[in-house]
Every structure is written in C-alpha cells, then in structure tokens.
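Colleague: Take a look at the following structure, please.
Residue numbers (our numbering): 246 to 414.
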C-alpha cells in the first residue's frame with residue numbers, strides 16, 4: 246500500500262513538471278493532390294491547434310498525407326513539407342512559464358522513424374511569439390521547416406502581456 250501511494254505521488258509530481266502539449270489537432274479540410282482509382286488519394290490536409298500554454302494563440306499547419314495502399318495501412322512515410330501559420334485569436338494569457346524551443350505539438354510521421362514537431366520561442370525584444378514546425382528522424386532530421394511569428398497586441402481593453410516575462414532560458 247505504501248509503495249503504491251509513493252508511486253502515485255511520484256506520478257502526480259512528474260505530471261506537474263511536464264510542460265503542456267496541444268491536444269489532438271482539429272482537421273479543418275483537405276484537398277486531393279493525386280487521384281488514386283481504388284485507394285484513398287494523396288492529400289494536403291489543414292489542421293488547427295491551440296497553444297496549450299498561451300490562451301489566445303492558435304496555429305494552423307498544412308501537411309501532405311499519402312494515400313494508396315501504404316497510406317491506408319499506415320506504412321507510408323509522409324514527406325517533411327509542412328507549412329505553418331500562427332495568429333493571435335483573442336487576449337493573450339500565459340498559463341505557465343515555458344522554455345525557449347519548447348514542444349507545443351508533436352506527431353509521428355512514419356511507423357517508427359520520423360516525427361513532426363511544432364516548437365515555441367519568445368523574441369522578448371519585439372514581444373513576439375515565434376513558432377517553428379520541422380520534422381526529425383532517428384538518424385537524420387530534415388532541414389525543411391516553416392516559421393510563423395505572432396506579435397502580442399492589445400485585445401479590446403486588455404493590455405498585451407510580455408512573452409519575455411514567461412520565457413525561460
């Protein structure tokens with residue numbers, strides 16, 4: 246019993262120190278790019294996510310998804326061409342402090358070896374949040390990336406917060 250309580254306490258403590266990550270993205274729409282007669286088409290798909298640590302900021306990314314037999318079975322490795330756009334959608338409220346380059350959202354892009362990540366940083370001098378999307382592999386990452394900037398502006402009567410007050414190292 247005592248061991249179980251200690252383990253539960255350790256798990257709760259560990260969970261409290263893990264930075265927030267975005268939940269599953271919202272699929273907004275898709276557009277077919279390669280027609281396939283008997284299997285799903287190759288597509289460009291637009292997804293939206295809310296920053297889990299910063300209320301009032303959302304990002305949208307477009308990524309290719311393979312169709313065909315391999316795509317249907319989840320065996321196709323998706324390419325690293327991902328675009329990103331982030332915007333202020335309301336008053337900005339920081340829920341917690343964050344590290345420069347902290348992962349906001351991560352998703353596997355192949356069965357084992359590849360993942361896509363969206364990371365966040367703060368340009369304190371310009372009071373602007375910077376988001377970057379990139380893909381990496383176990384052995385070698387891809388230089389393909391996309392960056393989006395969100396200058397923090399007053400919203401209605403709300404003054405804008407300073408991202409530099411919340412960014413750590």
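Cβ coordinates follow ideal geometry from the N, Cα and C atoms, glycine included. None of these values were measured; they are calculated from a predicted model.
Measuring only the C-alpha atoms, how far is residue 391 from residue 403?
Modeller: Position 146 of the chain shown, counted from the first residue, corresponds to residue 391. Position 158 of the chain shown, counted from the first residue, corresponds to residue 403. Taking the straight line from one Cα to the other gives about 30 Å.
Colleague: What did DSSP end up calling residue 370 once you bin it into helix, strand or coil?
Modeller: On the chain shown, residue 370 is found 125 positions in, with the first residue counted as 1. The answer is helix: DSSP assigns residue 370 an H, G or I state.
Colleague: I'd like to know if the segment 406-413 and the segment 336-348 are in contact, where contact means that at least 3 CB-CB pairs between them fall below 8 Å.
Modeller: yes
Colleague: Let's test the definition: count the other Cβ atoms within 10 Å of the Cβ of residue 332 and tell me whether it reaches 16, buried, or not, exposed.
Modeller: Start at 1 with the first residue of the chain shown, and residue 332 comes out as number 87. So residue 332 ends up on the exposed side.
Colleague: Is it buried or exposed, residue 350, if we count other Cβ atoms within 10 angstroms and call 16 or more buried?
Modeller: In the chain shown, the residue the question calls residue 350 occupies position 105. Classification for residue 350: buried.
Colleague: Relative to the alpha-carbon of residue 289, which residue among 328, 335 and 366 has its alpha-carbon at the smallest distance?
Modeller: What you label residue 289 is simply residue 44 of the chain shown in a count that begins at 1. Checked all of 328, 335 and 366; the closest Cα to residue 289 is 328.
Colleague: Give the straight-line distance between the Cα atoms of residue 405 and residue 398, rounded to the nearest whole angstrom.
Modeller: Locating residue 405 in the chain shown gives position 160, where the first residue counts as 1. Locating residue 398 in the chain shown gives position 153, where the first residue counts as 1. Each residue's Cα considered, the two are about 5 Å apart.
Colleague: Answer with buried or exposed for residue 303, where buried requires no fewer than 16 other C-beta atoms within 10 angstroms of its C-beta.
Modeller: In the chain shown, residue 303 corresponds to position 58, counting from 1. Residue 303 comes out buried.
Colleague: Would residue 359 be called buried (16 or more neighbouring beta carbons within 10 Å of its own) or exposed?
Modeller: Taking the first residue of the chain shown as position 1, residue 359 is located at position 114. Buried.
Colleague: Here's the rule I'm using: 16 or more other beta-carbon atoms within 10 Å means buried, otherwise exposed. How should residue 380 be labelled?
Modeller: Here residue 380 corresponds to residue number 135 of the chain shown, with the count starting at 1. Flag for residue 380 reads buried.
Colleague: The beta strand (DSSP E) with residue 335 in it runs from where to where?
Modeller: Translated into positions along the chain shown, residue 335 becomes position 90. Segment 328-339, the beta strand (DSSP E) holding residue 335.
Colleague: In the DSSP assignment, what are the bridge partners of residue 392?
Modeller: Start at 1 with the first residue of the chain shown, and residue 392 comes out as number 147. 377.
Colleague: Let's see if you can read the secondary structure: which residues bound the beta strand (DSSP E) around residue 411?
Modeller: Position 166 of the chain shown, counted from the first residue, corresponds to residue 411. Element bounds for residue 411: n/a, residue is neither H nor E.
Colleague: Here's the rule: buried if 16 or more other CB atoms are within 10 angstroms of the residue's CB, otherwise exposed. What is residue 250?
Modeller: Within the chain shown, the letter at position 5 stands for residue 250. Here the model assigns residue 250 a pLDDT of 40, short of 50, so the residue's position is not dependable and the matter cannot be decided.
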